[in-house]
Amino acid sequence: MQQPVEPFWRMKTLEQMNAEEWESLCDGCGRCCLVKLEDEETKEVDLTRLACRLLDVGSCRCSDYANRFEKVHDCIKIDAAAVREIDWLPSTCGYRLVRDGKELAWWHPLVSGDPNTVHEAGVSVRGWAISEAKVKAKNVHRYIIKEPVGG
Ligand code: SF4
Ligand code: SF4
Numbered sequence: 080m081q082q083p084v085e086p087f088w089r090m091k092t093l094e095q096m097n098a099e100e101w102e103s104l105c106d107g108c109g110r111c112c113l114v115k116l117e118d119e120e121t122k123e124v125d126l127t128r129l130a131c132r133l134l135d136v137g138s139c140r141c142s143d144y145a146n147r148f149e150k151v152h153d154c155i156k157i158d159a160a161a162v163r164e165i166d167w168l169p170s171t172c173g174y175r176l177v178r179d180g181k182e183l184a185w186w187h188p189l190v191s192g193d194p195n196t197v198h199e200a201g202v203s204v205r206g207w208a209i210s211e212a213k214v215k216a217k218n219v220h221r222y223i224i225k226e227p228v229g230g
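Laid out in structure tokens, this is it:
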């Protein structure tokens, strides 16, 4: 009798994943593209409901993924080293969950087989994120939020 095959995200470390596996581990929530404000003295980071100007707040995808680093100077490359270092990734993030040895939730596209479940479960920023392009810089602090609970 054949043994069931474990999915790659349980079998591999972040560092062992190939490019296709890596991309698929992103659930498409768009939360890492929310504008964050760092207190210069305390280094504390506040999350806002404002999204990077390149984020399509409907699809929750970057509108120019291939050129994102040229267009947005503080866009952060999410690779294995970054995932191990960054402490502001949302608790629902697929990379963070695997990093911490946790299971992906039912709504993760790799589990559900459907890219829409991240939106249906209310985990993505769809419906509440506002493009930073629509807000004056001096008013950004008005949009500070606690990390939304999802999943
Ligand atoms: S928070 Fe994580 S899962 Fe969500 S879009 Fe960003 S990298 Fe992908
Ligand atoms: S440039 Fe694209 S990937 Fe980078 S933060 Fe903005 S929307 Fe997200």
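Position in the sequence shown counted from 1, then plus 79, gives you my numbering. Ideal Cβ positions, reconstructed from N, Cα and C, are used throughout, including at glycine. Predicted, not measured: the structure shown is a model, and the values here were computed from it.
As assigned by DSSP and simplified to three states, the class of lysine 115: strand
Return yes when the C-beta of arginine 147 is under 7 Å from any heavy atom of ligand 2, and no when it is not. yes
Contact check, tryptophan 186 vs threonine 196, beta carbons under 8 Å: yes
Is any non-hydrogen atom of ligand 1 found closer than 7 Å to the C-beta of aspartate 125, if you look at the structure I gave you? no
Which whole-angstrom value is the C-beta distance of valine 204 and valine 136, which I expect to be below 8 Å? 7 Å
Exposed or buried, glutamate 85, counting other C-beta atoms within 10 Å across all chains shown (16 or more means buried)? exposed
Report yes if the CB atom of arginine 128 is closer than 8 Å to the CB atom of leucine 113, and no otherwise. yes
Simplified DSSP assignment, three categories, for leucine 168: coil
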